[in-house]
Amino acid sequence: MATCDFCGREEPDEAATLTWTTATERGRRRVYCDTCSREHLRAMEGKLDSEWW
Numbered sequence: 001m002a003t004c005d006f007c008g009r010e011e012p013d014e015a016a017t018l019t020w021t022t023a024t025e026r027g028r029r030r031v032y033c034d035t036c037s038r039e040h041l042r043a044m045e046g047k048l049d050s051e052w053w
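The sequence shown begins at 1 in this note's numbering and counts up by one.
Structure representation (structure tokens):
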């Protein structure tokens with residue numbers, strides 16, 4: 001099971017998480033669902049920490 005670190009969405013099917021985004025912030029692995037990834041794409045590409053979104 002995967003959980004989005006931004007919105008808290010849970011996905012029990014691991015195959016469905018292939019469209020999710022992973023990031024490393026301050027040495028910690030973070031996972032974001034496809035909806036949050038699309039919504040915050042510019043901030044992710046700018047390497048802003050999720051607290052700035």
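Ideal placement from N, C-alpha and C gives every residue a C-beta, glycine not left out.
Query - Cβ-Cβ separation, D13 to R30 (assumed contact under 8 Å), whole Å - result: Translated into positions along the sequence shown, residue 30 becomes position 30. Translated into positions along the sequence shown, residue 13 becomes position 13. Not confirmed; about 20 Å, so no contact.
**Report entry** Boundaries (first-last residue) of the alpha helix (DSSP H) holding E39
**Finding:** Within the sequence shown, the letter at position 39 stands for residue 39. That run of the alpha helix (DSSP H) goes D34 to E39.
Report task. Identify every residue that forms a DSSP beta bridge with E130. Result -> No statement about residue 130 is possible, as the shown extent of the chain runs from 1 to 53 and does not include it.
Query - Extent of the continuous beta strand (DSSP E) to which T21 belongs - result: Position 21 of the sequence shown, counted from the start, is the residue given in the question as residue 21. Run containing T21: T21 to E25, per the beta strand (DSSP E) assignment.
Query raised in the report: Under the rule that 16 or more other beta-carbon atoms within 10 Å means buried, what is C33, buried or exposed?
Result: In the sequence shown, residue 33 corresponds to position 33, counting from 1. Label assigned to C33: buried.
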